[in-house]
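These notes are about the structure you will find just below.
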Amino acid sequence: MRLITKSEKKLLLGWGMLFVASLLVWQVFAQGKKRAYFHLLVTQEKGQNALAQLETNLEQLKSKWLRWRKAAEDITALNRYFYGEKTGFEKLRQDLNILFQASTGQVSGVRYDYGNYDDLGIRKVRVNFQLITSYFSFKRFLHELEVFPKFLMVEDMRFSEIDSESGRLRINLILAAYFRR
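Just so you know, we're using my numbering here: the sequence shown kicks off at 72 and counts up by one.
Written out as structure tokens, the structure is:
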């Protein structure tokens, strides 16, 4: 007794071959889709890495820009401590007279040494003078110099004579003042 007939066998064989052929076609298409999927995953990963690198670079550039902006603000703030190019020398002389009056001593031999402007447009002027005053007046002079609104710096200080009886000091001082174009 036969379970399936010849025509059913042919039909099943046809269906089986069609099934195998469809599996092969599906496998070929699926392999292409699978390759495309993994290629897209690799591309996405590369893109995410590139994006992370760009974000890092952006943060570094922002940080650098903020530092430059802060430096520009600092330079702008420093400009008020420098003397100007046009009226600065007269203003320096007036400021020195104010400081000399604060010392309540004798000032002699005031000499100005003018430097050249550097690459940043800053010029240093050295002021040499001799101050004869008491110790307490000298302390007041240094305090006035310290709190003075312009940038005057003690570049050199030499005590040439100290009178222990009268308390008088003879000091050779060099102050540095800075000018900006």
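Note that CB positions come from ideal geometry on N, CA and C, so glycine has one too. Nothing here was measured: the structure is a model prediction, and the numbers come from that model.
Assigned secondary structure, residue i (DSSP; H/G/I helix, E/B strand, else coil)
i	result
T158	coil
I169	helix
R73	coil
F153	coil
L89	helix
L191	coil
Where the beta strand (DSSP E) through residue i begins and ends
i	result
S179	177 to 185
F250	239 to 251
Of the listed residues the options, nearest to residue i (C-alpha basis)
i	options	result
D166	L82, F90, L216	L216
F250	F109, R140, N150, W136	N150
S205	A142, K105, N199, G176	G176
V223	K162, I233, Q201, D190	Val is not the amino acid found at residue 223; the sequence shown has Leu there. Ranking the options by Cα distance to L223, first place goes to K162.
K210	N187, R239, H110, Q115	R239
Y154	V113, K221, Q115	K221
Extent of the continuous alpha helix (DSSP H) to which residue i belongs
i	result
E226	Unbroken run through E226 is the beta strand (DSSP E), 223 to 233; no alpha helix (DSSP H).
S208	206 to 217
message: With a threshold of 8 Å, are at least 3 pairs of Cβ atoms found where one atom belongs to the region 135 to 148 and the other to the region 156 to 164?
response: no
message: Under 8 Å, with one C-beta from each stretch per pair, do the region 240 to 247 and the region 188 to 201 reach the 3-pair mark?
response: yes
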